[in-house]
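Numbers 996 to 1298, taken from our numbering, label the letters of the sequence shown in order. Backbone N, C-alpha and C define an ideal beta-carbon position, used for all residues, glycine too.
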Amino acid sequence: MVATAPSIGPCSSGEFDLLLDLLDREFIFGKGRRLSLEQRFPAVLSRQTPQTMLLAKAQNLIVSALAIKAFDWITPLRSWRAAMVGMVYTRPEWRGRGVASLLLQAARHRMEQESYDFAVLWTTQPDFYARLGWIGADCGVLGVAQTAIAEANQETAMPELIRTAPAPDTAALAFIETLRRRHAPARAARTQTSYASLPPPAEGLELLRGESAYALVGRRNDHGYLYEMMGEPGEFPALCSTLAAAYATLYLNLQRDSAAARFFATQSAIRWQAQGLAMWLPLGATARTACFADWYIPFLDRI
């Protein structure tokens, strides 16, 4: 632990630019990526609501930070008031001194005070979060395909890629949301701003729209990152063929045993691995019996 505990509080408008610079150097530009976090996550990093960021400061220096994003999680039986935690950052010289633990404990207290049912985050350091009470449960799978992965039915029209700018238009959004309500009984509620999110490393969002199915894909050069494919499975071969023609390498971020995962499992030349990144924190009494192991939040909805 640190000898003198840092002060913890919400980010102010005067601290926003300095914080954004720290986070961009850690998560974006320091990794050879483009587009700042402010551009990528406008619903989280907003100059109008800087208080969504929680800071730990010492000697007037930001030493650690994280983001808290509120969202509604919809299931057949009820809706949950939930929060995502992300962009967890500590200055290199302050790591290993207990600062991030203090900040996460403060975040938990804040979320409990604001009556969230549960929180969720994604990490490659599960042991650290487990010590703070987070529960590991992830039903996501990642598939990687580097060759053509399907042949479309010649009688099925091939959907075209639509490059969104910065989000699908109103008609496309209505089409997507209709299919989500029909095919995703457990899902994160979305607004139009949700579709302006662009998780790294993608640099653009593209939509494939069929008659009764769609795919949302992030693009970086000739790499595609499938965030979501949903709708009538009979249209999946045509969507898949368009994906195979558009990207040299395709990363499939899917829920285990979903209709899309079952379809791609029939294709050859795809390497699969479990994700194992999701961590959940029950905050309300009802969430202590929640089915975290069965819940999957697509990459487009994450921070």
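Inter-residue distance for G1138 and H1218 is about 13 Å (C-alpha atoms, whole angstroms). Counting only runs of at least 4 residues, the region 1075-1130 fully encloses the following alpha helix (DSSP H) elements, listed from N- to C-terminal order: 1094-1108, 1121-1125. Secondary structure of L1072 (DSSP, three-state): coil.
Residue pairing by DSSP puts H1218 in a beta bridge opposite R1215, T1244.
In the structure shown, L1203 falls within a strand segment according to DSSP collapsed to helix, strand and coil. Distance from the CA of V1058 to the CA of L1049, rounded to the nearest whole angstrom, comes to 11 Å. Going by C-alpha positions, A1191 is about 21 Å away from A1241. In this chain, the alpha helix (DSSP H) harbouring R1176 covers 1165-1178. Taking 8 Å as the cut-off, the Cβ atoms of L1032 and F1024 do not count as close. The residues L1276, in chain order, have a CB closer than 7 Å to that of G1128 in the same chain once the five nearest residues on each side in sequence are set aside. With fewer than 16 other Cβ atoms from the protein chains shown falling within 10 Å of its own Cβ, N1216 counts as exposed. The beta carbon of R1035 lies closer than 6 Å to those of L1193 in the same chain, with the five residues before and after it left out. When the alpha-carbon of A1208 is set against those of A1184, A1167, A1239, E1088, the nearest one is in A1167.
Non-local beta-carbon contacts of E1107 in its own chain, meaning distances under 7 Å to residues more than five positions away in sequence, involve L1278 in chain order. Membership of R1042 in any alpha helix (DSSP H) is not indicated, and neither H nor E is assigned to it by DSSP.
Across the structure, R1105 and M1079 are spaced so that their CA atoms are roughly 13 Å apart. Annotated three-state conformation of L1017 is helix, per DSSP.
Between the C-alpha atoms of G1093 and A1102 there is a straight-line separation of about 14 Å. C-alpha of M1224 to C-alpha of L1116: approximately 22 Å in a straight line. Pairing F1231 with A1255 gives a Cβ-Cβ distance under 8 Å.
Nearest Cα to L1221 within the set L1295, I1069, F1258: L1295. In the three-state reduction of the DSSP assignment, L1032 falls in the helix class, which pools H, G and I. Around the beta-carbon of A1210, 16 or more other beta-carbon atoms lie within 10 Å, marking it buried.
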